[in-house]
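Position 439 of the sequence shown, counted from 1, bears residue number 439 in UniProt numbering, the numbering being contiguous throughout.
Contents: one structure, followed by commentary.
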Amino acid sequence: MMEMETSQQWTLSQKWSIVDHTVQVKPQMVDVGTQTERFEHHRSTPLASPEQSDDDCSFSDIINHSGDMSWSPGEEMLSEPYEEEPEELESLSDPNAVDKFIVCQRQLLSLFTVCPACCGETQGHIMHPEGTFIKVKQACRTCGYERYWQNQEKVHRNMPACNLLLSGAIHFSGCMATQTIRMLKLFGLQCISPGTFFRHQRYYTIPTIVQAWRNEQRGIIRELKETGGGLILSGDCRSDSPGHCAKYGSYSLIEDRINKVLDVQLVQSSEVPSSSWCELEGLKRSMQFLMDQDMQVSALITDRNWQVAKWVREEMCSEGTRHFFDVWHIGKSIQKALDAAAKERDCEDLKLWRPAIINHLYWTAASTPTGDPDEMEAKWQSMINHVQDIHEHSTPAFTSCAHPPLEGEARDKEWLEPGSPAATKLESVAARKALVKDIRQLSPQHQTFSLEAYHSLILHFAPKHTGFSFLGMYSRLLLAALHFNSNGNRDVARTSEGEARYAVRYPRFRKCGWGETIKEKPSYG
């Protein structure tokens with residue numbers, strides 16, 4: 001099913017002109033009708049391949065339809081002219097607020113068996129079904145009475161309201177259109193076709209999402225300007241598929257003081273030398289956006305991507321921006337190195353010391369709120385002496401261990417013998433020049449854990465191994481950002497007595513249960 005969007009060859013400036021055009025909330029559109037046909041039966045299997053696709057270009061009827069041609073960057077988004085004026089229709093205040101019910105055809109037509117005029121026997125016939133829309137004609141042969149009944153209102157250009165609402169519900173909830181519609185058809189429910197959904201997505205739901213994100217982004221920028229001070233940002237890139245052959249790379253920035261997504265940039269791998277360059281390109285675009293908004297970045301927390309580190313050092317540090325590394329990313333690499341070292345001969349004791357060494361890494365950053373590089377380096381190097389029962393150090397920035405004397409029950413591990421294979425191996429791991437250089441840039445106060453949570457949320461709206469068009473992927477990233485900003489700062493759930501609620505979790509990185517507070521339920525409106 002995976003097919004390529006004809007607009008994939010846009011240039012860098014063309015593709016991102018989407019954010020420079022005015023999006024119409026109620027755009028004009030061509031007369032595209034509604035499709036209700038079943039899925040094609042000539043395919044070898046009704047199920048998608050492992051590389052599934054939810055791309056609007058997966059359907060030939062959309063590609064060949066003049067009303068769904070590829071978007072041209074030179075024109076306003078979704079501004080399609082039409083000749084005739086839409087006919088006047090009965091106004092519908094809020095069709096989404098009306099309850100909907102599933103009714104079987106036999107039960108529905110049983111309501112049209114009696115003539116309202118002469119009480120004679122009549123029969124209802126369903127005429128012109130359009131997606132979820134049906135019209136029933138009731139005619140009496142005895143008295144000639146005739147009437148028409150329809151199950152829903154029609155809105156813009158005679159479009160059935162529930163057809164558009166169903167497309168919006170699928171898109172806004174993060175469901176896959178092809179899977180959802182297949183499920184509804186297997187249930188036997190009269191619904192829209194995938195082609196109709198993708199046209200609704202192009203002309204209605206994507207512009208609505210983009211406009212909502214612009215409003216959200218403007219509100220965040222206004223809030224930050226009123227707060228004052230430089231921005232404290234966490235940034236990282238997410239690929240749309242594992243490995244080094246990703247099609248898209250999305251770069252996101254979260255403002256750590258308010259815990260909200262500030263900017264999202266989507267980069268296609270064809271725009272850069274390889275997919276590994278998407279992270280740097282996304283960061284450049286985000287920084288240019290903030291510069292255009294007259295926003296000053298005081299601190300940037302990222303992982304240890306060498307391209308990003310070099311660019312920030314050359315382009316941003318001279319402007320007063322401090323670049324920090326996330327502690328979790330460095331700790332993960334140290335854990336892998338210690339696990340590998342513990343498997344060597346006479347180095348088994350390193351496995352017992354590994355949790356304490358990682359805790360010391362976090363303490364090194366947390367106990368240095370000023371972020372002084374010399375102090376953090378000295379604290380980290382003191383760990384090598386500490387595990388050998390040496391607690392006085394020659395470094396001026398940190399002359400002795402901060403803990404009280406460790407005796408009796410305070411001791412739960414054997415000290416490493418100075419000069420032993422385990423101590424020598426630990427020193428070779430912890431004193432590596434590249435690692436020590438990164439230790440000097442540990443982030444003392446802010447980390448990227450909120451950004452990792454946001455990336456996990458994206459999996460709901462844009463799962464990996466599923467192909468999307470550029471606009472389809474971009475809109476789903478914005479949906480995830482809107483959802484995160486609305487629910488990222490939820491309060492702790494409480495009992496009827498007002499006490500905080502807790503639950504025992506079993507995270508993957510821990511070998512035992514872990515108590516966590518329960519947050520209030522998220523909103524999806």
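We put the CB at the ideal spot given by N, CA and C, even for glycine.
Within this structure, are the beta carbons of residue i and residue j separated by less than 7 Å?
| i | j | result |
| --- | --- | --- |
| F289 | R304 | no |
| V267 | E255 | no |
| N259 | S450 | yes |
| G230 | Q293 | no |
| E392 | S382 | no |
| I170 | T178 | no |
| E377 | R440 | yes |
| G168 | T205 | yes |
| P418 | Q445 | no |
| I330 | D438 | yes |
| L352 | K413 | yes |
| S234 | T368 | no |
| A493 | R501 | yes |
| L164 | H128 | no |
| A341 | V272 | no |
| residue 559 | Y251 | A question about residue 559 goes unanswered here, because the residues of the chain that appear run from 1 up to 525. |
| V327 | A365 | yes |
What residues are listed by DSSP as bridge partners for residue i?
| i | result |
| --- | --- |
| K154 | P160 |
| K284 | BP columns for K284 are empty, so no partner. |
| L266 | S250 |
| K225 | Answer by DSSP bridge pairing: none, since K225 is not bridged. |
| M127 | K135 |
| G371 | In the DSSP output, where bridge partners are listed per residue, G371 has none listed. |
Going by other Cβ atoms of all chains shown within 10 Å of its Cβ, with 16 needed for buried, is residue i buried or exposed?
| i | result |
| --- | --- |
| A503 | exposed |
| I301 | buried |
| A337 | buried |
| R106 | exposed |
| G515 | exposed |
| V312 | buried |
| P522 | exposed |
| H386 | buried |
| K379 | buried |
| M473 | buried |
| R508 | exposed |
| P405 | exposed |
| C115 | buried |
| P194 | buried |
| K247 | buried |
| L471 | buried |
Residue i: which of the options sits nearest, CA to CA?
| i | options | result |
| --- | --- | --- |
| V155 | D346, E314, D94, I301 | D94 |
| A481 | G467, E452, A493, E499 | E452 |
| N158 | G131, R141, Q445 | G131 |
| S469 | K100, R202, H483 | R202 |
| S275 | G249, K135, V308 | G249 |
| A309 | I334, E279, W363, M291 | E279 |
| I458 | K351, A366, S173 | S173 |
| P461 | R476, G467, T196 | In the sequence under discussion, the amino acid at residue 461 is Phe, which differs from the Pro named in the question. It is R476 whose Cα lies nearest to the Cα of F461. |
| D346 | L189, L109, M287, A423 | A423 |
| Y454 | R238, S394, L416 | R238 |
| T142 | I134, T122, W149 | T122 |
| Q152 | D99, K225, C175 | D99 |
| M287 | S333, N96, E319, S394 | E319 |
Residue i and residue j look like a contact to me (Cβ under 8 Å); what is the Cβ gap, rounded to whole Å?
| i | j | result |
| --- | --- | --- |
| I209 | L478 | 5 Å |
| G124 | K137 | 7 Å |
| L489 | V261 | First, the amino acid is wrong: residue 489 is Asn here, not Leu. That belief does not hold up - the Cβ atoms of N489 and V261 are roughly 12 Å apart, past 8 Å. |
| C140 | A117 | 7 Å |
| L253 | D240 | At roughly 18 Å, the Cβ-Cβ gap does not stay under 8 Å, so L253 and D240 are not in contact. |
| R257 | I232 | 6 Å |
| A431 | I384 | 7 Å |
| R285 | A299 | With a Cβ gap of about 19 Å, R285 and A299 do not count as contacting. |
| I102 | Q190 | Incorrect: roughly 10 Å between the Cβ atoms, too far for contact. |
| I192 | L166 | 6 Å |
Taking 6 Å as the cut-off, is the C-beta of residue i nearer than that to any heavy atom in the ligand ATP?
| i | result |
| --- | --- |
| C104 | Here there are no bound small molecules, and the ligand ATP is not part of this structure. |
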